[in-house]
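J.:
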Amino acid sequence: MKTIITSFMSRIILSAIFLLLFNDISSAQSKNKEIYFIKLNDKIGTVIDSIENEQCKCVSYYDKEEYMYSALIQLPDASFVLRIMLRGNLGTRDIVLEEEDVDKLYKSALAVTSQTSAIDSVKEEELLRAMSGDTVLYKRIDYKTLKSPDYIKPGYIQRDIFGFLNAGIGLSGRLSNETSNNLPIGNLLSLGLEAGVIYKHNLVSFHYLYMTDIGILGRANYYTDYDLLLGKKIDRGSATLSFSTGVSKINYNSDLYTYGLPLQFEIMFRASHECNFSLIAYCNINSKQIFDCILLCFRFGTVKNPIVR
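Each residue of the sequence shown is one higher than the one before, counting from 30 in my numbering.
1) Which residue from LYS93, LEU139, SER219 puts its Cα closest to that of GLY117?
2) I need the boundaries of the beta strand (DSSP E) containing ASN231, first residue and last residue.
3) Tell me the residue span of the alpha helix (DSSP H) that contains CYS85.
4) Between which two residues does the beta strand (DSSP E) carrying LEU285 extend?
5) Taking all protein chains shown into account, decide if TYR228 is buried (16 or more other Cβ within 10 angstroms of its Cβ) or exposed.
6) Are ILE279 and TYR252 touching if we call contact CB-CB under 8 Å?
7) According to DSSP, which residues form a beta bridge with SER99?
8) Do ASN312 and LEU292 have their C-beta atoms within less than 8 Å of each other?
9) Measure the alpha-carbon distance for ASP123 versus ILE113 and round it to whole angstroms.
10) From the DSSP secondary-structure annotation, give me the bridge partner or partners of ARG158.
11) On the DSSP bridge list, what partners appear for LYS262?
12) Give me the Cα-Cα distance between CYS326 and LEU220, rounded to the nearest whole angstrom.
13) Does the contact criterion of 3 or more C-beta pairs under 8 Å hold for the region 179-196 versus the region 156-169?
14) Alpha carbon to alpha carbon, how far is LEU258 from GLU153? Give it in angstroms, no decimals.
15) Who are ALA224's beta bridge partners in DSSP?
16) Start and end of the alpha helix (DSSP H) containing VAL125?
17) Report the three-state DSSP secondary structure of ASP256 (helix, strand or coil).
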């Protein structure tokens, strides 16, 4: 009896594993078949009918007697096609487009200055189903979404973890009033380096700051500041904000040292994919001498979580 029950339970477990695997495979296959219909603008919508095509001259691959309607599609491999439905049961034809062709199509569609008729969402949905086929899943996106740097193409993902390096120059100043021990006085030239890792919206970094009065009024005084920082980042369009705090060790002229509480606020701007710039406002609270700092930094590594295949 025990053997029968064990065998029965084993079969149930194996069946459950098979169903889970099959469901994952089916989901992956369905996802791989997903296509995106691209809405060009509010006048045309997603489907370019024959009347609209007469106005914008968007599609010139077929005569108007053959042309019925068309739509711009991004396929699962992130490539673009213009799918044209022909009259007389001739079915659909795909015209492969490069990104510059997609941009030209969008600009041509702007020639439609007024709607020939109100966009019927139910009818448009029927046309999209006819062009996609019953076995293919589809979504709709706007052309502006397609051109956004945050858009994730089919077959791509947004990586959760990545590293960065900051190198900056700026000015520091004293906030406390201690004048003993030959501590630096007034504004200081500051050089900063920061290396870190971002996981989703959390960041961990090591920050090194060197500050000196460069000896203009006599012997050069300097601080060296070593920080271990933990923080959060918030994405806001083309900019990213972050706030970090942690623990620091500050050396004064190699004679004195103390530990402090660092506070760092950073605004990062995207200039290119891998090289950007940021502005850092920094303050260190400690028992010897509180100081603040402003740094203009070059940032190597993406500002936002990178999109990869």
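All C-beta atoms, glycine included, are put in the ideal place defined by N, C-alpha and C.
T.: Put simply:
1) Among LYS93, LEU139, SER219, the Cα nearest to that of GLY117 belongs to LYS93.
2) Here the beta strand (DSSP E) through ASN231 covers 231-241.
3) It spans 79-85 - the alpha helix (DSSP H) in which CYS85 sits, taken as one unbroken run.
4) First-last of the beta strand (DSSP E) with LEU285: 285-298.
5) With fewer than 16 Cβ atoms within 10 Å of its Cβ, TYR228 is classed as exposed.
6) In terms of Cβ geometry, ILE279 and TYR252 form a close pair [threshold 8 Å].
7) DSSP lists ILE77, ILE113 as partners of SER99.
8) The question names Asn, yet the displayed sequence has Cys at residue 312. A Cβ-Cβ contact shorter than 8 Å links CYS312 with LEU292.
9) One Cα belongs to ASP123, the other to ILE113, and the distance between them is close to 6 Å.
10) DSSP output for ARG158 lists no bridge partner at all.
11) LYS262 is bridged by DSSP to SER271.
12) Taking C-alpha positions only, CYS326 is separated from LEU220 by approximately 10 Å.
13) No: the two stretches stay apart, fewer than three of their Cβ pairs being nearer than 8 Å.
14) GLU153 and LEU258: Cα-Cα distance of roughly 53 Å.
15) DSSP lists LEU194, PHE235 as partners of ALA224.
16) Counting along the chain, VAL125 falls outside any alpha helix (DSSP H), though it belongs to the beta strand (DSSP E) covering 121-126.
17) In this structure, DSSP gives ASP256 an extended state, which the three-state scheme calls strand.
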